[in-house]
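**Student:** Numbering (the numbering used here), first residue to last: 37 to 339.
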Amino acid sequence: MLDGRVLTPRWHGRRAHLGSKENLPVHGIVLGDQMAVADEPARELSAREKTVLGHGANEVVMSLAGELRVFPSAAAAWQERLITAEQLPGPEVQRSVAKQKPSKAWTTGKKSVLFIRVDFSDREGNPINDKAAKFEMDRTDEFLRDNSYGKLSIETTIVPGAMRMPEPVEWYQSDPEERRYDLLVSARDAARKLDAKYNYRDYDFYIVAFTTIFEGWAGRAYVNNTGLWINGGFSNDTIQHELGHNLGLYHANAWVPSQDDNPIGPGEHDEYGERTITWATTRRTGTLIFTSKTTSRGFRTRM
Ligand SMILES: [Zn+2]
């Protein structure tokens, strides 16, 4: 599933002969309701993505199911090890070579968050006023404190006013998957230019918020890294979900039985299936455990 849609995977090459695998990391190209799945488990980030994340042009940054790893030069050897691992018999893909748990320092303590609002020449106006932004961030803080039993809290600095983006809405909409990265970069630059105290590098996390200009999602975020888009999803439900990704959490998944209602029989994962809890992840939770408390708010956002 991707963004709530069921995709038909098209396999080719080596992976066409893999058999059933659980937790197989995939990337590829989506056309309509089909996905051409790449033969390699990990994807190399483009130059533009690297710039956004502050990586040098010479570094090789690989994404394995959204988890990033940086290599000083080529990542071919690592990719080979991943391929070897998934070729092993059995449904469970051994991903220990790629496991990157968030550190305790990353997920606990008091975190500073920079909240940057942006607007466009053809869509003028602050997307969310100061009072509302503060309200949602206060509730996000409350949620994080509550669910971490006081181990994690946030302090938000709201950049005054809206930063005008260099391009009109249409420009970003014409290539959302690439140009959303430009939004992060332009927003950060504009905030820093307004006042040096709004330099995103001095904060643990930063949020770039704008009115809904992209279809299909309310917020997106890097997993285990900073960088968070709010695409009209100004409620704390969305913000805390996306911050969870920054903190290192993946989606909860629901197990959908394919025969009767037997939960221990055959079935499949639905990444967005668990809608009563914010993440409820049972894997790679790091030091933050969000599984024990539930909320009726659910989640509606996607990474
Ligand atoms: Zn998500």
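Cβ atoms here follow ideal geometry from the backbone N, Cα and C, with glycine treated the same way.
None of the values given here were measured: they were computed from a predicted structure.
Three-state secondary structure (DSSP) at residue 187?
**Tutor:** Residue 187 falls in the coil class under three-state DSSP.
**Student:** Sorted by chain position, which residues of the same chain lie with C-beta nearer than 7 Å to residue 45's C-beta, five sequence neighbours on each side aside?
**Tutor:** Within the same chain, residue 45 has close Cβ partners 71, 73.
**Student:** Looking at C-beta atoms only, is the number of pairs between the stretch 242-250 and the stretch 259-275 that lie closer than 8 Å three or more?
**Tutor:** Flag = yes, the stretch 242-250 and the stretch 259-275 touch.
**Student:** Using a Cβ-Cβ distance under 9 Å, would residue 195 count as near chain D?
**Tutor:** Annotation note: the requested chain D is absent from the structure, which comprises a single protein chain.
**Student:** At which residues does the alpha helix (DSSP H) containing residue 228 begin and terminate?
**Tutor:** Segment 212-230, the alpha helix (DSSP H) holding residue 228.
**Student:** Put residue 243 into one of helix, strand or coil per three-state DSSP.
**Tutor:** DSSP places residue 243 in strand when its eight states are reduced to three.
**Student:** Cβ of residue 103 within 8 Å of any heavy atom in ligand 1?
**Tutor:** Because no heavy atom of ligand 1 lies under 8 Å away, the Cβ of residue 103 does not count as near it: no.
**Student:** Quick check: what's the CA-CA separation for residue 66 versus residue 206?
**Tutor:** Roughly 22 Å between the two C-alpha positions.
**Student:** Secondary structure at residue 144, three-state DSSP: helix, strand or coil?
**Tutor:** In this structure, residue 144 counts as coil in the three-state DSSP scheme.
**Student:** Quick one, are the C-beta atoms of residue 150 and residue 238 less than 9 Å apart?
**Tutor:** It is a contact, given that the beta carbons lie within the stated cut-off.
**Student:** Do residue 81 and residue 100 have their C-beta atoms within less than 9 Å of each other?
**Tutor:** Contact flag unset, no.
**Student:** Can residue 224 and residue 164 be called in contact, C-beta distance under 9 Å?
**Tutor:** Taking 9 Å as the Cβ cut-off, residue 224 and residue 164 do not qualify as a contacting pair.
**Student:** Just list the residues that DSSP pairs residue 198 with in beta bridges.
**Tutor:** Paired residues: 153.
**Student:** Which whole-angstrom value describes the C-beta separation of residue 98 and residue 113, a residue pair presumed to lie in contact below a C-beta threshold of 8 Å?
**Tutor:** Contact doesn't hold; Cβ gap of about 11 Å is too wide.
**Student:** Which partner residues of residue 181 appear in the DSSP bridge assignment?
**Tutor:** Partner(s): none; residue 181 has no beta bridge.
**Student:** Pick from 159, 186, 265: whose alpha carbon is nearest that of residue 253?
**Tutor:** The shortest Cα separation from residue 253 among 159, 186, 265 belongs to 265.
**Student:** Closer than 8 Å by C-beta to residue 220: which residues in its own chain qualify, once you throw out the five before and the five after it? Chain order, please.
**Tutor:** The residues are 88, 244, 263, 265.
**Student:** Starting from residue 92, trace the alpha helix (DSSP H) both ways and give me its first and last residue.
**Tutor:** Counting along the chain, residue 92 falls outside any alpha helix (DSSP H), and DSSP gives it neither H nor E.
**Student:** Looking at the unbroken beta strand (DSSP E) that takes in residue 275, where does it start and where does it end?
**Tutor:** Element bounds for residue 275: not the beta strand (DSSP E) but the alpha helix (DSSP H), 272-283.
**Student:** In whole angstroms, give me the CA-to-CA distance for residue 170 and residue 198.
**Tutor:** Roughly 15 Å between the two C-alpha positions.
**Student:** Tell me where the beta strand (DSSP E) around residue 10 begins and ends.
**Tutor:** Past the edges of the chain, shown from 37 to 339, lies residue 10, and the structure says nothing about it.
**Student:** By alpha-carbon positions, which one of 115, 107, 157 ends up nearest to residue 61?
**Tutor:** Measuring from the Cα of residue 61, the nearest candidate turns out to be 115.
**Student:** DSSP has residue 107 in a bridge; who is on the other side?
**Tutor:** 96.
**Student:** Mapping the DSSP letters down to three states, classify residue 85 as helix, strand or coil.
**Tutor:** Correct three-state label for residue 85: helix.
**Student:** Taking a contact to mean a Cβ-Cβ separation below 9 Å, would you say residue 95 touches residue 107 in this structure?
**Tutor:** Yes, Cβ-Cβ distance for residue 95 and residue 107 is below 9 Å.
**Student:** So, with DSSP's three-state summary, where would you put residue 49?
**Tutor:** Three-state DSSP puts residue 49 in a helix.
**Student:** Which class does residue 33 belong to by DSSP, given the choice of helix, strand or coil?
**Tutor:** Residue coverage of the chain in this structure runs from 37 to 339, which leaves residue 33 outside it and unanswerable.
**Student:** Helix, strand or coil for residue 118? Go by DSSP, reduced to three states.
**Tutor:** If DSSP states are grouped into helix, strand and coil, residue 118 belongs with the helices.
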